[in-house]
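Just so we're aligned: 93 in numbering that gives the first Met the number 0 is position 94 of the first sequence, and the numbers increase by one with no gaps anywhere.
Just so it is clear, CB atoms sit at the ideal spot from N, CA and C, and this is done for glycine as well.
Shown next, in structure tokens, is the structure this report addresses.
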Amino acid sequence: MVSSTAMITAYASNGHLQKAKQVFDRMNQRDDRAWNVMIQACIKNEELGAAWQAFSRIPQATVVPWTCMVHSFAKSGDLATSAALFRCMPERNEVSWNAMLSAYAQSGDVEAAWNMLAKMPAADAFSWTTMVAALSAAGKLGKVQELVDSLPEQNIAVSNAVLSGYVQNGEMVQARSTFKGMGCRDTITWNAMIEGYAQNNFSREAIDLFKLMVLEGVKPDSKTYVGVLVACTTAGKLEEARAQFVGMKEDHGLAPSAQHYCCMVDLLGRSGKVGEAQNLMDSMPFSPD
RNA sequence: CCUUCGGCAUAUUCUCCUU
0 MVSSTAMITA YASNGHLQKA KQVFDRMNQR DDRAWNVMIQ ACIKNEELGA
50 AWQAFSRIPQ ATVVPWTCMV HSFAKSGDLA TSAALFRCMP ERNEVSWNAM
100 LSAYAQSGDV EAAWNMLAKM PAADAFSWTT MVAALSAAGK LGKVQELVDS
150 LPEQNIAVSN AVLSGYVQNG EMVQARSTFK GMGCRDTITW NAMIEGYAQN
200 NFSREAIDLF KLMVLEGVKP DSKTYVGVLV ACTTAGKLEE ARAQFVGMKE
250 DHGLAPSAQH YCCMVDLLGR SGKVGEAQNL MDSMPFSPD
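Following this line, the structure appears as structure tokens:
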């Protein structure tokens, strides 16, 4: 049983849904997790219909697959079905509530999200982070502040969302002070601030902050380098970009992704090095998606 | 001699190119 579900997951994550289905169909007994894993497999491969079919066949669906379907329909843009399922489900836990809250938030319905948060039996950091992001996206920074002030505890994801909200709205002074005020910072914190600078044309600040990040021993990831390269691109800093592009692999073992190549090609093009841009594109170790 | 993992649902950071 354990190994079968493990295999289903493995096949699904490699895009082999048919193989996953075969394993599932051969199982004599299927416990909750087996069903859940199969549903997830369908969803990962963007087969919502198949997921729904599997879901309908579960003899006694528990809260996990119900929540999974609520989330999946919302993600596919079918908020109505998502909400209907949420109303119908036999029991709901904090994850279910958060999934529905997130569904409203993603759809841009801040009011509905807000009402959801008010009605929740037990809001947690997931809930608050979602709400902060929704309010920020709607430009309601005052409400964000109110919400954050009312929270019982500090949480890094919530703070990261607040920081990103300021960035999104171009409030770089506020973003900076949020960043500075944070007692602990993770890679997302640094990334958000670096990308914020990059997006708002503070190229030098972005690059300086990146250097500080490394100096403080925080490991940059692939997204950090997107921010750095975007900063270089907007400011036309070709040599800096070249150095970082090489450095990401040599210093941090990060293989450049299509995004990074894209930035470099963009920058080379802007710098009038069309030939080099072409060469770089040709050397990309990616299939042309 | 010692040692980890293991198969499930929800949140925060993404460079795109739509002229």
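Whole-angstrom distance between residue j and residue i, CA atom to CA atom
i, j, result
"V166", "E239", "24 Å"
"P64", "M247", "40 Å"
"F125", "G271", "46 Å"
"G141", "V217", "31 Å"
"E93", "S158", "21 Å"
"Q21", "P151", "48 Å"
"E204", "M212", "12 Å"
"F201", "A40", "42 Å"
"G48", "P120", "31 Å"
"G268", "D207", "25 Å"
"E215", "K43", "37 Å"
"A11", "A19", "6 Å"
"W34", "M26", "11 Å"
"T177", "D108", "26 Å"
"A170", "E145", "The question names Ala, yet the displayed sequence has Glu at residue 170. So the two alpha carbons sit approximately 17 Å from each other."
"E90", "V62", "6 Å"
"C183", "N190", "14 Å"
"S71", "S221", "27 Å"
"M280", "L266", "12 Å"
"D148", "S75", "34 Å"
"K118", "L162", "26 Å"
"V131", "Q153", "13 Å"
"D251", "S55", "Checking the sequence, you will find His at residue 251 rather than Asp. So the two alpha carbons sit approximately 46 Å from each other."
"L228", "M6", "39 Å"
"T129", "L16", "31 Å"
"S101", "M37", "23 Å"
"A174", "C262", "25 Å"
"G14", "V1", "20 Å"
"V264", "A137", "33 Å"
"Y196", "D30", "49 Å"
"A104", "A122", "15 Å"
Residue i - DSSP class collapsed to helix/strand/coil
i, result
"V217", "coil"
"E170", "coil"
"E152", "coil"
"R32", "helix"
"C261", "helix"
"T61", "coil"
"E46", "coil"
"S270", "coil"
"N97", "helix"
"R91", "coil"
"M115", "helix"
"S163", "helix"
"M181", "coil"
"M68", "helix"
"H15", "coil"
"G334", "The chain is shown from 0 up to 288; residue 334 falls before or after that span and cannot be answered."
"D250", "helix"
"M130", "helix"
"A122", "coil"
"N278", "helix"
"M212", "helix"
"G195", "helix"
"A137", "coil"
"S256", "coil"
"G76", "coil"
"D24", "helix"
"G107", "coil"
"F201", "coil"
"M283", "coil"
### Task
Count the CB pairs spanning the region 71-81 and the region 114-125 that are closer than 8 Å, and state whether there are at least three.
no
#### Entry: contact_flag[the region 248-256, the region 268-279] where n(CB pairs < 8 Å) is 3 or more
no
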